[in-house]
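*Asks:*
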């Protein structure tokens, strides 16, 4: 490991720049203090249900801020401008006012290509948990009437 003052064998934490000395363990370039702080902040949010939440996002690279009523706490949304994945920094359960139809919600449609949940599901996460009706082929009335007329001839 080398001397305390030398740079030989000295591994540092990428977050807090602490050196690996004495009992401080560094795993994948992150010290155990930063790991324990990160897990403490993650467990602060209580997940009451598995459905979508109202979330607030802030892109770390371009500083863009946006909100989403289809936020999944453990899934990212891509920033529109710099195309970097961004996790929600704050989220809460949906209120009735969040889901009520208004002109603002119609104007800002949920973009499926920027949402990780939509990409994983293969369809819009608005429909998550809803039972899909099996698609049946319907015969139109005109085609049925043509078949009846054809049998008469």
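Numbering (the working numbering), first residue to last: 2 to 154.
Beta carbons are placed, not taken as given, at the ideal position from N, Cα and C, and that holds for glycine.
Return the residue from the list 118, 68, 15 that minimises the CA-CA distance to residue 99.
*Replies:* Taking the first residue of the chain shown as position 1, residue 99 is located at position 98. Per the Cα distances, 68.
*Asks:* Rounded to a whole number of angstroms, what is the C-alpha to C-alpha distance between residue 125 and residue 114?
*Replies:* The count along the chain shown starts at 1 and reaches residue 125 at position 124. The count along the chain shown starts at 1 and reaches residue 114 at position 113. One C-alpha to the other measures close to 9 Å.
*Asks:* Report buried or exposed for residue 54, applying the criterion of at least 16 other Cβ atoms within 10 angstroms of its Cβ.
*Replies:* On the chain shown, residue 54 is found 53 positions in, with the first residue counted as 1. Buried: at least 16 other Cβ atoms inside 10 Å.
*Asks:* Between the C-alpha atoms of residue 83 and residue 13, what's the straight-line distance to the nearest angstrom?
*Replies:* Translated into positions along the chain shown, residue 83 becomes position 82. Translated into positions along the chain shown, residue 13 becomes position 12. Approximately 29 Å between the Cα atoms of the pair.
*Asks:* Could you give the DSSP three-state label for residue 71: helix, strand or coil?
*Replies:* The residue you call residue 71 lines up with position 70 of the chain shown. In the structure shown, residue 71 sits in a strand (DSSP, three-state: E or B).
*Asks:* Beta-carbon within less than 6 Å of residue 63's beta-carbon, same chain only, minus the 5 sequence neighbours each way: which residues are those?
*Replies:* The residue labelled residue 63 in the question sits at position 62 within the chain shown. 82, 83, listed in sequence order.
*Asks:* Would you list the one or two residues that DSSP bridges to residue 65?
*Replies:* One-based indexing of the chain shown puts residue 65 at position 64. None; residue 65 has no bridge partner.
*Asks:* Helix, strand or coil for residue 116? Go by DSSP, reduced to three states.
*Replies:* What you label residue 116 is simply residue 115 of the chain shown in a count that begins at 1. Strand, per DSSP.
*Asks:* Return the CA-CA distance between residue 119 and residue 26, expressed in angstroms with no decimal places.
*Replies:* One-based indexing of the chain shown puts residue 119 at position 118. One-based indexing of the chain shown puts residue 26 at position 25. Cα to Cα, the separation comes out at about 38 Å.
*Asks:* Go ahead and pull the three-state DSSP assignment for residue 57.
*Replies:* Sequence index remark: in the chain shown, residue 57 carries index 56 (1-based). Three-state result, residue 57: strand.
*Asks:* Excluding five sequence neighbours on each side, which residues of the same chain lie with their C-beta closer than 7 Å to the C-beta of residue 77?
*Replies:* For the purposes of this step, residue 77 is identified with residue 76 of the chain shown, where counting begins at 1. Result list for residue 77: 86, 87, 88, 117, in chain order.
*Asks:* Does the separation of the CB atoms of residue 71 and residue 127 fall below 8 Å?
*Replies:* Start at 1 with the first residue of the chain shown, and residue 71 comes out as number 70. Start at 1 with the first residue of the chain shown, and residue 127 comes out as number 126. The answer is yes: Cβ separation under 8 Å.
*Asks:* Consult DSSP for residue 91 and reduce its assignment to one of helix, strand or coil.
*Replies:* The count along the chain shown starts at 1 and reaches residue 91 at position 90. Strand.
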